[in-house]
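As structure tokens, the structure follows; a few thoughts come after it.
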Amino acid sequence: MTPVRLMLPLVALLAVGLVACGGGDGANEAPFEVSGPPKQVGADESATETSQRVAAPRTDGGAEVRYQGALASPPLPKPDVVLTDTNGDPFDFLAETEGYLTLLYLGYTHCPDICPTHMLELSKVLEEMNPELVDRIRVVFITTDPERDDAAAIRRWLDLFDERFIGLTIEPETLASLLTFLGMPQIVTRDIGDGRYTVNHATYLIAYTPDNLGHVVYPFLQGGGLREIMAHDIPMLAEHGWREPS
């Protein structure tokens, strides 16, 4: 069994709705508290301007810090867990991501809509960023479908977006413990016939800054705008880490 070191369980917190990849009846929703919903980038700002802007001047001579993503309150502790990467090697999540802006997403490769959209939008944001800042980021994908997502399947799927993305396999028992720790609902599958099924799971990206806390989350947005929101925040988080909003 995969070794796991999960610290104190975390109650489900944030007020961002959870939706099912591939559809569903909403039975898997478990909101968590945030200080505000994701904010669309202002219509008077272009995507290029917002992705390059780190902060605006303040009247007191400091720098104004604003995030477009949803702010978790309290922030989410980074899980202390050892899983297996797509090369078959142990991956100590805390040790391997120490000092990096770590973007964690839990999903599955057979997802027909939300998971690939999240990964694609994130890959496009990183393409437009300064490569030196991208080097400070680790993107980690953990499957929520251990039965179908072996290492080879995860690697093929992630390579469609970015070969640098880290994919991790996980045992079902460890996945259940990890979801509890992250405050996410447990996995629910839905039979769609012919031996196929969809997987109901939380659909948001967690941004852990180098203090090992997840201060900002990026949920799937039905109306679009996810790329612009991440393009606004991620360069700032990669360069400066977490700073209290002004």
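The sequence shown finishes on residue 358 if you use the numbering used here, and the numbering steps up by one all the way, no holes. Ideal Cβ placement from N, Cα and C applies to all residues, glycine included. Here the structure is a predicted model, which is why all the values come from computation and not from measurement.
In the pairwise beta carbon analysis, the stretch 222 to 234 is classified as not touching the stretch 288 to 306: fewer than three pairs are separated by under 8 Å.
With respect to Phe203, Leu280 sits close: the two C-beta atoms are nearer than 7 Å.
In this model, Arg339 and Asp271 are separated by some 19 Å (Cα to Cα).
Under DSSP, Thr321 forms a beta bridge with Leu325.
Under the criterion of beta carbons closer than 8 Å, Leu218 and Ala314 qualify as touching, at roughly 7 Å.
Scanning the stretch 181 to 209 for uninterrupted beta strand (DSSP E) segments of 3 residues or longer gives 182 to 189, 194 to 197 and 202 to 204, listed from N- to C-terminal end. Beta bridge pairing from DSSP links Tyr309 with Asp303.
In the DSSP assignment, Leu280 falls outside any alpha helix (DSSP H) and within the unbroken beta strand (DSSP E) covering Ile278 to Thr281. Judged by beta-carbon spacing, Tyr309 lies beyond the 7 Å limit of Thr255, meaning their Cβ atoms are not closer than that value. Pro258 and Glu176 have their C-alpha atoms some 43 Å from each other.
Counting along the chain, Phe332 sits inside no alpha helix (DSSP H), nor does DSSP assign it H or E at all. In the DSSP assignment, Leu215 is bridged to Val251 and Ala319. Here DSSP, grouped into helix, strand and coil, assigns Glu351 to helix.
Taking all protein chains shown into account, Gln334 has fewer than 16 neighbouring C-beta atoms within 10 Å of its C-beta and is therefore exposed. Ala264 is classed as exposed because its beta carbon has fewer than 16 other beta carbons within 10 Å across all chains shown.
By the C-beta density criterion, Gly305 is exposed, having fewer than 16 other C-beta atoms within 10 angstroms.
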